[in-house]
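Asks: In the working numbering, the protein residues as written are 887 to 1034. Cβ coordinates follow ideal geometry from the N, Cα and C atoms, glycine included. So that we are looking at the same thing, I have put the structure below in structure tokens.
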Amino acid sequence: MVVALIASGASVGAVTDPSPQDPTGKTAASIASTSGHKELVGYLSEVVVTSHMSSLMLEESELSKGSAEVEAEITTNSTSKGSVAASKDQISLKDALAAFRNTTQAAARIQAAFHTHSFRRKQQREGCHFVFKDEASTSSLKGKDPDF
């Protein structure tokens, strides 16, 4: 259901209507969290951060299409190499870009950790499957039925 909503253009950061129990409303990630769907929470949070960062980008260069992190680094470096007597706006922009870069890097780390976790779970499931097959083949060689 979540995939269908996202594919049709629904905002992942949308909030439910406020209620007496929850006066600020709930995001999709908070609903998934209360339901115990940890993997979905990570995905939804990543999509919210990514879409928010995309909305902050005013202009997208050819270099940055694949990596917001590279764009943030380039922009931060070019801003820091600007005039020595930086105005308040430039300092504010530099701080905002540094925060943006940190957020992008954190999102990349979260995604990498999620992929690592998923890969380990898959290996564990396949490993257990192979152990059962090995036990079955060993016991059949001995003339015994495997105990499952």
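Assign T913 to one of three DSSP states: helix, strand, or coil.
Replies: For the purposes of this step, residue 913 is taken as the residue at position 27 of the sequence shown. Note: T913 maps to strand in three-state DSSP.
Asks: Given a threshold of 16 other Cβ atoms within 10 Å of its Cβ, counted over all protein chains shown, does A914 qualify as buried or as exposed?
Replies: The residue given as residue 914 occupies position 28 in the sequence shown. A914 should be labelled buried.
Asks: Do the segment 900 to 920 and the segment 974 to 981 meet, that is, are 3 or more Cβ pairs less than 8 Å apart?
Replies: Too few Cβ pairs lie closer than 8 Å, so no.
Asks: Evaluate F1005 with the Cβ neighbour count: other Cβ atoms within 10 Å of its Cβ, from every protein chain shown; 16 or more gives buried, anything less gives exposed.
Replies: Here residue 1005 refers to the residue found at position 119 when the sequence shown is read from its first residue. When all chains shown are included, F1005 counts as exposed.
Asks: I need the straight-line Cα distance from T1002 to Q1010, nearest angstrom please.
Replies: Locating residue 1002 in the sequence shown gives position 116, where the first residue counts as 1. Locating residue 1010 in the sequence shown gives position 124, where the first residue counts as 1. Rounded to whole angstroms, T1002 to Q1010 spans 12 Å at the Cα level.
Asks: Should V935 and A993 be called a contact, given that it needs their Cβ atoms to be closer than 8 Å?
Replies: Along the sequence shown, read from residue 1 onward, the residue named residue 935 stands at position 49. Along the sequence shown, read from residue 1 onward, the residue named residue 993 stands at position 107. Yes, these two residues count as a Cβ contact at 8 Å.
Asks: Kindly list the residues whose CB is nearer than 7 Å to the CB of I996, restricted to its own chain and excluding five residues on each side of it in sequence; keep chain order.
Replies: Here residue 996 is taken as the residue at index 110 of the sequence shown, counted from 1. If we look at I996 and ignore the five residues flanking it on each side, its Cβ neighbours are G928, E932.
Asks: Is it buried or exposed for T910, if we count other Cβ within 10 angstroms and need 16 for buried?
Replies: Numbered from 1 along the sequence shown, position 24 holds the residue referred to as residue 910. Looking at its Cβ environment, which holds fewer than 16 other Cβ atoms inside 10 Å, T910 is exposed.
Asks: Cβ of A993 less than 8 Å from any chain D Cβ?
Replies: Among the chains in the structure shown there is no chain D, since it carries only a single protein chain.
Asks: A998 to Q907, Cα distance in whole Å?
Replies: Position 112 of the sequence shown holds residue 998. Position 21 of the sequence shown holds residue 907. Taking the straight line joining both Cα atoms gives about 35 Å.
Asks: Hey, how far is the Cα of V924 from the Cα of L930?
Replies: Taking the sequence shown and counting its residues from 1, the one referred to as residue 924 is at position 38. Taking the sequence shown and counting its residues from 1, the one referred to as residue 930 is at position 44. Per the sequence shown, the amino acid found at residue 924 is Lys instead of Val. Approximately 10 Å between the Cα atoms of the pair.
Asks: Indicate the three-state DSSP secondary structure (helix, strand or coil) for V898 in the structure shown.
Replies: One-based indexing of the sequence shown puts residue 898 at position 12. Coil, per DSSP.
Asks: Where does D908 sit, in a helix, a strand or coil, going by DSSP?
Replies: In the sequence shown, counting from the first residue as 1, residue 908 sits at position 22. In this structure, D908 counts as coil in the three-state DSSP scheme.
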